[in-house]
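The structure under discussion appears below in the form of structure tokens.
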Amino acid sequence: MAELSPALKQATPVLAARGEGIYLYDEQDRRYLDFTAGIGVTSTGHCHPRVVEAAQRQVATLIHGQYTTVMHRPLLELTERLGEVLPEGLDRLFYVNSGSEAVEAAVRLARQATGRQNIVALQGGFHGRTMGAGALTTSGTKVRAGIGPMMPGVVFTPFPEPYRHRCGEDEAVRYALAEFDQLLVTTSAPRDTAAIIVEPVLGEGGYLPAPPEFLTGLRERADRHGILLIVDEVQTGVGRTGRFWGHDHAGIRPDILITAKGLASGFPISAIAAPDALMSQAWPGSQGGTYGGNAVAAAAAIATLDVVRDEKLVDNAAEQGQRLRDGLRSIAAGQPLIGEVRGLGLMVANEFTAADGTPDAATAARAHAAAAERGLLLLTCGPHGNVVRMIPPLIVTGDQIDEALRLWDEAVGAAVTG
Ligand code: PMP
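Under numbering that gives the first Met the number 0, the first residue of the sequence shown carries the number 0, and numbering increases by one thereafter.
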């Protein structure tokens with residue numbers, strides 16, 4: 000009998016039978032509050048009626064029109080709609096299927112457009128598991144250990160980590176920017192450096208928001224040296240952080256933006272956006288693939304953008320994220336093992352730290368499991384696995400946040416005594 004590969008290890012014990020809004024139901028119809036949102040994918044919740052309707056209509060009309068062979072209306076319409084929300088000037092789009100593939104496309108474009116090879120990535124960053132995106136990934140060794148050598152031409156620079164280094168945010172930013180400056184004079188000269196790629200909130204690496212001064216500092220240096228700034232909005236985009244794009248918090252403009260996950264509420268589609276001057280450096284046939292820009296996924300993405308706009312989900316993410324962090328902070332105040340609660344919008348983290356200051360993955364794992372037992376699905380992250388993160392769909396209500404907080408309070412209590 001065939002079985003699934005052990006590489007597919009589930010973070011929760013749930014066999015999902017159906018999803019509705021913020022809830023998942025198992026085969027016994029037990030209900031779970033889904034604060035994983037499929038790792039930030041189900042932005043409009045599970046099976047939002049408008050997304051379902053748009054996808055069903057498209058399935059019955061045209062499922063697949065291979066985009067280097069024929070063009071189809073949903074992809075043209077999605078491009079127009081994204082044009083309304085993308086940063087000024089990033090008006091050329093290219094589509095693939097996943098976050099990793101979009102990262103690959105961004106790297107290809109950066110190398111094509113600059114004629115330079117090196118890509119600078121942030122220590123602790125996550126950009127995917129393909130050999131190129133994986134080469135940029137250091138949120139833990141599981142993506143690379145025993146698998147390398149990965150794509151060459153990647154160098155790393157530190158991300159500001161005030162909590163880990165027990166210092167103020169200003170100091171952490173000064174240190175990280177000084178290290179980047181140093182990298183450019185010791186390791187990767189500007190003439191060899193095509194791009195720097197950054198997540199507005201370090202995602203898999205531990206839910207660490209990039210301080211705005213860090214992103215403006217990178218933008219300044221990129222401008223000075225002709226280096227492209229690639230912003231990976233795979234997890235932070237489409238309202239997740241309480242602004243439409245995560246980098247909006249810093250008021251910077253990327254040269255290349257990557258979006259995926261929440262874009263189509265669960266259908267596989269991703270995109271890179273760049274100005275024409277850059278995108279026109281990518282010659283036909285150098286990017287893309289058979290399923291890129293699938294018509295059903297594009298229709299679902301258009302419906303997702305409609306729902307995000309009509310239900311004011313960006314504002315909701317900001318408001319409910321604040322409510323969630325406030326509640327978590329009062330729980331953490333009575334639990335010394337939760338060293339920090341942080342996040343932006345509905346990307347929220349609880350970092351578990353033992354009394355001696357070391358990462359406490361064991362208590363985090365117990366709290367995560369105790370929450371699942373109580374019907375609250377969460378995920379861990381961070382290189383040590385000691386961060387429990389909460390990423391509910393953007394439609395979450397205040398009552399649902401309060402319900403999750405009640406369950407989390409109980410779960411943490413059980414984890415600490417257990
Ligand atoms: N970039 C970021 C910031 C991500 O969080 C992820 C997925 N967790 C990826 C890229 C890779 O996306 P995918 O799994 O769709 O390839």
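Glycine residues also receive a C-beta, built at the ideal position from the N, C-alpha and C atoms.
Going by DSSP, valine 102 is part of no beta strand (DSSP E) but of the alpha helix (DSSP H) stretching over 98-113. Comparing alpha carbon positions, the residue from Arg80, Arg388 and Glu212 closest to leucine 262 is Arg80. A residue is called buried when at least 16 other Cβ atoms come within 10 angstroms of its Cβ; leucine 3 does not meet this threshold and is exposed. Ranked by how close their Cα comes to the Cα of glycine 131, the residues Arg115, Gly124, Gly145 and Met149 have Met149 in first place. Annotated three-state conformation of asparagine 349 is strand, per DSSP.
Those residues whose C-beta sits under 6 Å from the nearest heavy atom of ligand 1 are, from N- to C-terminal order along the chain, Ile38, Ser97, Gly98, Ser99, Val102, Phe125, His126, Gly127, Glu198, Gly202, Glu203, Asp231, Val233, Gln234 and Ala259.
Around the beta carbon of threonine 60, a 10 Å sphere encloses fewer than 16 other beta carbons of the protein chains shown; the residue is thus reported as exposed. Sixteen is the threshold: since fewer than 16 other Cβ atoms of the shown chains lie within 10 Å of the Cβ of lysine 311, the residue is exposed. When C-alpha distances from arginine 365 are compared across Leu92, Thr11 and Gly133, the shortest belongs to Thr11. For leucine 183, there is no enclosing beta strand (DSSP E); the residue is found in the alpha helix (DSSP H) stretching over 168-185. The segment 88-96 and the segment 167-182 do not touch, with fewer than 3 CB-CB distances between them shorter than 8 Å. When Leu406, Gly412, Thr416 and Gly417 are compared, the shortest CA-CA separation from aspartate 33 is found for Leu406. DSSP places valine 13 outside any alpha helix (DSSP H), giving it a letter other than H or E. Between arginine 91 and glutamine 319, the alpha-carbon positions lie close to 33 Å from each other.
The count of Cβ pairs closer than 8 Å, one atom from the segment 231-246 and one from the segment 345-353, reaches three, so the stretches are in contact. Cβ contact annotation for leucine 378 (same chain, cutoff 6 Å, sequence separation greater than five): Ala10, Thr35 and Arg388, in chain order.
If you draw a straight line from the Cα of valine 197 to the Cα of histidine 47, it is about 31 Å long. The beta carbon of alanine 16 sits closer than 7 Å to the beta carbons of Tyr24, Asp25 and Glu26 from its chain, once the five residues preceding and following it are set aside; these are given in chain order. Between the C-alpha atoms of arginine 220 and glycine 250 there is a straight-line separation of about 15 Å.
The straight-line gap separating the alpha-carbon atoms of phenylalanine 158 and arginine 223 is approximately 20 Å. For arginine 322 and tyrosine 162, the gap between their C-alpha atoms comes out near 22 Å.
Alanine 281 and isoleucine 229 have their C-alpha atoms roughly 16 Å apart. One thing to note: glutamine 116 has its Cβ within 9 Å of the Cβ of glycine 152. For glycine 131, the enclosing alpha helix (DSSP H) starts and ends at 130-134. Of the candidates Glu203, Ser279, Val313 and Leu89, Glu203 places its Cα closest to the Cα of glycine 123. Taking C-beta separations shorter than 6 Å and ignoring five residues to either side along the sequence, the partners of alanine 209 in its chain run Pro199, following chain order. Boundaries of the alpha helix (DSSP H) around serine 329: 312-332. When only Cα atoms are considered, arginine 373 and glutamate 409 end up about 9 Å apart.
Under the three-state reduction of DSSP, aspartate 90 is assigned to coil, being neither helix nor strand. For serine 187, same chain residues with a beta-carbon under 8 Å away, outside a window of 5 residues either side, are Asn117, Val119 and Val154 in chain order. Taking C-beta atoms as the reference points, threonine 137 and serine 99 fail to come closer than 9 Å. DSSP places arginine 30 in no alpha helix (DSSP H) but in the uninterrupted beta strand (DSSP E) bounded by 30-33. When DSSP states are grouped into helix, strand and coil, phenylalanine 213 belongs to the helix group. Here methionine 389 carries a strand assignment [DSSP, helix/strand/coil].
Judged by pairs of C-beta atoms under 8 Å, the segment 325-336 does not touch the segment 101-111, as fewer than three such pairs exist.
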